[in-house]
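First residue of the sequence shown: 1, per the UniProt record's numbering; consecutive thereafter.
Think of the CB as a built atom: it goes at the ideal place given N, C-alpha and C, for glycine as much as any other residue.
Quick notes on the structure that follows.
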Amino acid sequence: MSNIRITKQFSFETGHALYGYDGKCKNVHGHSYKLSVTVIGSPITDRSNVKFGMVIDFTDLKKIVKEEIVDQFDHATVFNGTTPHVELANELISRGHHVILVDYQPTSENMVVDFSKRIIDRLPEGIRLFSLKLQETDSSFAEWFASDNS
Numbered sequence: 001m002s003n004i005r006i007t008k009q010f011s012f013e014t015g016h017a018l019y020g021y022d023g024k025c026k027n028v029h030g031h032s033y034k035l036s037v038t039v040i041g042s043p044i045t046d047r048s049n050v051k052f053g054m055v056i057d058f059t060d061l062k063k064i065v066k067e068e069i070v071d072q073f074d075h076a077t078v079f080n081g082t083t084p085h086v087e088l089a090n091e092l093i094s095r096g097h098h099v100i101l102v103d104y105q106p107t108s109e110n111m112v113v114d115f116s117k118r119i120i121d122r123l124p125e126g127i128r129l130f131s132l133k134l135q136e137t138d139s140s141f142a143e144w145f146a147s148d149n150s
């Protein structure tokens, strides 16, 4: 049976700041992120299965990505919790803001690596994450490919 890739796209709004950066991104700001998730697998061949012909139901993939990424990162502010930004984060949290503290600089490059791990841990047997594309702006994005990370 052939391996087929399917892709589902998501969007979410997230703020961040890059501690120690020498440009504008040192300031707290936000992006309208677009995330493309591509998985690979063989379509189901069991004619009695309601998902016959599918690699994975798009609804099932949507559930995984929404729970692991979109619902957590949408309208949140992400800071590296191992830097002095933790003080700003704690102040925002005390005022009821949704803040995510990570142990990395919250660049698109590092976020896409984090997202890959979150998705891989939830995929059903026989389905592999092929690639992720995290678009920060219309012209800037980071990509993660399984073939580059094996």
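Taking 7 Å as the threshold (C-beta atoms), are L101 and F79 in contact?
The criterion of a C-beta distance shorter than 7 Å is satisfied by F79 and L101.
Determine the burial state of M136: buried for a count of at least 16 other Cβ atoms within 10 Å of its Cβ, exposed for fewer.
According to the sequence displayed, residue 136 carries Glu and not Met. By the neighbour-count rule (16 or more Cβ atoms within 10 Å), E136 is buried.
8 Å CB neighbourhood of A142 in its chain, flanking five on each side removed:
Here the set comprises T107, S108, E109, M111, V112, K133, L134, E136.
What residue range does the alpha helix (DSSP H) around V113 cover?
First-last of the alpha helix (DSSP H) with V113: 108-120.
How is the beta strand (DSSP E) around T14 delimited, first residue to last?
Annotation: the continuous beta strand (DSSP E) that includes T14 extends over 4-16.
Taking 8 Å as the cut-off, does the stretch 39-47 touch the stretch 115-132 (at least 3 CB pairs, one atom from each stretch)?
Below 8 Å, enough C-beta pairs join the stretch 115-132 and the stretch 39-47 to call them touching: three or more.
Sort Y104, I64, D148 by Cα distance to I120 and report the nearest one.
Of the listed residues, the one whose Cα sits closest to I120 is I64.
Distance, K51 Cα to T59 Cα:
When rounded, the distance between both Cα atoms is 11 Å.
Mind checking which residues open and close the beta strand (DSSP E) that includes N80?
That run of the beta strand (DSSP E) goes 76-80.
Please name the residue, chosen from R47, G53, N49, that lies closest to N3 on a Cα-to-Cα basis.
Of the listed residues, the one whose Cα sits closest to N3 is G53.
Expressed to the nearest angstrom, what Euclidean distance is found between the alpha-carbon atoms of T45 and V37?
Rounded to whole angstroms, T45 to V37 spans 23 Å at the Cα level.
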